[in-house]
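Notes follow once the structure below has been shown.
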Amino acid sequence: MLRRVPRSLLTGDAPDVAPLLLNKLLVHGDCLGRIVEVEAYREDDPASHTFRGETPRNAVMFGPAGHLYVYFTYGMHYCSNVVTGPEGRGAAVLLRAVDPMSGVEVMRERRHDRPGLADGPAKLCQAFAIGPEHNGADLCRGSGIGLFDDGTPPPDGPLVGPRIGISKAVDVPWRFRVPVV
DNA sequence: GGAACGATCTGC
DNA sequence: CAGATCGTTCCC
């Protein structure tokens, strides 16, 4: 039984919301997977795209919670975030890794049989076919991309550590991961 | 107008 | 461990 993740779960502070997204399900078409690693980014956070204020690129992060913020980086990759917090705040949770559950065959094709289907922020976008056309998509409503709950609670003791691939606020421990069983 | 720099991934 | 590759942002 799948229930949609309610927007109310996402309106809190990004570092608080991030661990709650662990074990939730990301669904796009026939592709479904469990979120196992995330990172929180906040407006007052030097590592966040919103640190220097609102721009056309990061506008979605300042919008209402529960929408998808998709950005392009390194000239070739897309990464996706769940917008959190009250409207106007500029915060989000980066989806870093997903455990594929359905649609594995399509994901393999989209990944061109390379190792690691969705164990990286850009890899999961490729596997789930998430692109710029999904920037701003509502994850709590509609028939496109969505966040769902299958009753599996977030882990009691998530792994917590510093975020990866950033050059500012390197020591802030806002990366959360589902412990390996 | 120009330059620097990525919330990454891959292949060597 | 360095290269790929280009949009965004910032500085002159």
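In this note's numbering, the protein residues as written are 1458 to 1638.
Just so it is clear, CB atoms sit at the ideal spot from N, CA and C, and this is done for glycine as well.
Val-1629 - DSSP class collapsed to helix/strand/coil: On the first sequence, residue 1629 is found 172 positions in, with the first residue counted as 1. DSSP places Val-1629 in the coil class of the three-state scheme, outside both helix and strand.
Leu-1459 to Val-1637 span [Cα, whole Å]: To locate residue 1459, count along the first sequence from 1; it is residue 2. To locate residue 1637, count along the first sequence from 1; it is residue 180. About 24 Å.
Per DSSP, cross-strand counterpart(s) of Arg-1460: Position 3 of the first sequence, counted from the start, is the residue given in the question as residue 1460. Answer is Asp-1606, bridged to Arg-1460.
Through-space distance from Thr-1507 to Val-1563, alpha-carbon basis: Position 106 of the first sequence holds residue 1563. Position 50 of the first sequence holds residue 1507. Roughly 34 Å between the two C-alpha positions.
Span separating the alpha-carbon of Phe-1605 from that of Pro-1619: Along the first sequence, one-based indexing puts residue 1605 at 148. Along the first sequence, one-based indexing puts residue 1619 at 162. Approximately 27 Å, taken between the alpha carbons.
Length at least 3, wholly inside the segment 1522-1574: the beta strand (DSSP E) runs in chain order: Here the runs fully enclosed are 1525-1530, 1534-1541 and 1548-1559.
Pick from Arg-1598, Tyr-1498 and Gly-1599 that is closest to Pro-1630, judged by C-alpha positions: The sequence position of residue 1630 within the first sequence is 173, counting from 1. Pro-1630 has its Cα closest to that of Tyr-1498, out of Arg-1598, Tyr-1498 and Gly-1599.
CB contact flag (Pro-1476, Pro-1578, <9 Å): Position 19 of the first sequence, counted from the first residue, corresponds to residue 1476. Position 121 of the first sequence, counted from the first residue, corresponds to residue 1578. In this structure, Pro-1578 does not lie closer than 9 Å to Pro-1476 by Cβ.
Cut-off 6 Å between Cβ atoms - residues of its own chain near His-1534, not counting five sequence neighbours on either side: Start at 1 with the first residue of the first sequence, and residue 1534 comes out as number 77. The answer, listed in chain order, is Ala-1579.
Leu-1581, enclosing alpha helix (DSSP H) - first and last residue: As a first step, residue 1581 is located in the first sequence; it is residue number 124 there, counting from the start. It spans 1578-1584 - the alpha helix (DSSP H) in which Leu-1581 sits, taken as one unbroken run.
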